[in-house]
Amino acid sequence: MDFSMWIQSPTDLGMLFLSAMLIGMSKTGIQGISLLAVPLMAMTFGAKPSTGLILPILCVADLVAVLYYRRIAEWKYVLKLLPAALAGFVVALLVDKHVPPAEFKHLMGGCLFAVLVVMLWSEWKGKENSLSSYWWYGPLFGLLGGFTTMIGNAAGPVMAIYLLSVKMPKYSFVGTNAWFFLVINYLKIPVQVLAWDNITLSSLALDACTVPFVLLGGVLGILLVKRLPEKGFRYFTTAVTCVSVLMLLV
103 MDFSMWIQSP
113 TDLGMLFLSA
123 MLIGMSKTGI
133 QGISLLAVPL
143 MAMTFGAKPS
153 TGLILPILCV
163 ADLVAVLYYR
173 RIAEWKYVLK
183 LLPAALAGFV
193 VALLVDKHVP
203 PAEFKHLMGG
213 CLFAVLVVML
223 WSEWKGKENS
233 LSSYWWYGPL
243 FGLLGGFTTM
253 IGNAAGPVMA
263 IYLLSVKMPK
273 YSFVGTNAWF
283 FLVINYLKIP
293 VQVLAWDNIT
303 LSSLALDACT
313 VPFVLLGGVL
323 GILLVKRLPE
333 KGFRYFTTAV
343 TCVSVLMLLV
C-alpha cells in the first residue's frame, strides 16, 4: 500500500514508531509520557490528520493495558466521568466547525496549558485542595477530558490530574485510567470516521505497522512502573506535561 501521503522521509517513520512506543509505555503505567507523542505526531503529520492516525494506536495500547490490569479499576470513577466526556465529544465537534486546521495545534496546547495550571495548583495546595469534594468536580474533568481527547487525543493529563486529586493509589490509578480510555477511544472511532473522515484504509494499514512498537512500549511501561515511587510518579507526570504544552504552544 502507498504511504507516500503520510511518510515523506525516514524521520517521519521514526517519529511514528517512537510515538507508538511512548503510547504503549503510557498506557501500562508511565502516565503522561504519551503527551510527548501527541505533539510529535502533530508536528510530523499535521495536528488534525494526526488525530486519525494516532487513535487506532491508542486503541491497541488500551487493549494491552486492560488485558494486564483487567482486575484493577475503580469503576465508580469511570462511570462518574463518562456522561460528561460524551458531552465533551459534542462540544469538540461544534468547535471544529469554527477552528481552522492550522489552529488545531494551538487549541490543543491551550487546553493542556489550562490543565497544567490546575495540576501545579493541586500540587502546591496538597492536602488543602478540597475541590474534589464538590459535585461538579468529576463532571468538569469528564467534559474537559472528552473535549481534549476528541480534538487531539490529549486527555491523558486531564484524567491523570483527576485521579491524582482523588488520592487514588498507583495501581488503581493505572487500571482505572486504562478502562476509561478503552471505552472513550473506541467510542471515538465512528465519530472520526463519519464526522471528520480522517481514518482511512491507508492510515489503518500504516497503524498496523506500529503494533510491535506498542507492545514493546507496553512491556517497558509495566517494568518501569514497578520501580517508580508515588512521588516520582507525580513529578514525572508534571514534568512531561510541561514539555508537551511547550511543544504545542511554540
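In this text, residue positions in the sequence shown follow this note's numbering: the first is 103, and each later residue adds one.
C-beta atoms are modelled at their ideal positions from N, C-alpha and C, and glycine is treated no differently.
With 16 other Cβ atoms within 10 Å as the buried cut-off, status of residue i
i: Ala175; result: buried
i: Tyr264; result: buried
i: Lys328; result: exposed
i: Lys333; result: exposed
i: Asp299; result: exposed
i: Pro141; result: buried
i: Thr100; result: Residue 100 is absent from the model: the chain starts at 103 and stops at 352.
i: Met107; result: exposed
i: Ala167; result: buried
i: Glu257; result: Position check: residue 257 holds Ala in this sequence, whereas Glu was assumed. Classification for Ala257: buried.
Cβ distance (whole Å) where residue i is taken to contact residue j below 8 Å
i: Phe282; j: Val180; result: 5 Å
i: Gly126; j: Leu318; result: 7 Å
i: Leu115; j: Leu124; result: That pair is no contact at about 15 Å.
i: Ala122; j: Thr312; result: 4 Å
i: Ile135; j: Val342; result: 6 Å
i: Cys344; j: Leu218; result: 7 Å
Inter-residue Cα distance where the pair is residue i and residue j
i: Gly211; j: Gly154; result: 18 Å
i: Val293; j: Ile286; result: 11 Å
i: Thr250; j: Val193; result: 10 Å
i: Glu230; j: Trp223; result: At Glu230 the pLDDT is 48, less than 50, meaning the model places this residue with poor confidence; the figure from the coordinates comes in the next sentence. Taking the straight line joining both Cα atoms gives about 11 Å.
i: Thr339; j: Met261; result: 11 Å
i: Arg336; j: Ile132; result: 10 Å
i: Asp309; j: Leu118; result: 9 Å
i: Ser304; j: Pro259; result: 30 Å
i: Lys129; j: Gly320; result: 7 Å
i: Gly190; j: Leu196; result: 10 Å
i: Leu157; j: Trp226; result: 33 Å
i: Leu245; j: Ile253; result: 13 Å
i: Phe105; j: Leu348; result: 30 Å
i: Ala216; j: Leu306; result: 32 Å
i: Ser274; j: Ile109; result: 38 Å
i: Val295; j: Trp238; result: 32 Å
i: Ala144; j: Ser152; result: 6 Å
i: Leu120; j: Leu330; result: 22 Å
i: Leu160; j: Leu284; result: 9 Å
i: Glu205; j: Phe243; result: 23 Å
is_contact[residue i, chain B] using C-beta, thresh 8 Å
i: Leu266; result: In the displayed structure, chain B is absent; only one protein chain is listed.
Candidates the options, of which the one nearest residue i by Cα
i: Tyr236; options: Ser267, Ala257, Asp164 and Leu209; result: Ser267
i: Val53; options: Ile159, Lys150 and Ser111; result: What is shown of the chain runs 103 to 352, which leaves residue 53 out entirely.
i: Met270; options: Ala297, Lys178, Val166 and Glu205; result: Lys178
i: Asn279; options: Ala144, Leu184, Leu242 and Leu330; result: Leu184
i: Asp164; options: Ile301, Leu296 and Tyr288; result: Tyr288
i: Asn255; options: Tyr273, Cys213 and Val276; result: Cys213
i: Ser111; options: Thr146, Ala341 and Ser136; result: Thr146
i: Gly100; options: Lys290, Ala144, Tyr170 and Ser152; result: Outside the displayed span of the chain (103 to 352) sits residue 100, for which this structure offers no information.
i: Lys182; options: Ala122, Pro241 and Phe105; result: Pro241
i: Leu188; options: Arg172, Leu120, His208 and Lys290; result: Lys290
i: Val276; options: Ala216, Leu218, Arg172 and His208; result: Arg172
i: Leu326; options: Leu284, Lys272 and Met143; result: Lys272
i: Gly248; options: Ala186, Cys344 and Leu120; result: Ala186
i: Ala297; options: Lys199, Val219, Leu218 and Trp238; result: Lys199
Any non-hydrogen atom of the ligand FMN within 7 Å of residue i CB
i: Thr130; result: Ligands displayed in this structure: none; no statement on the ligand FMN is therefore possible.
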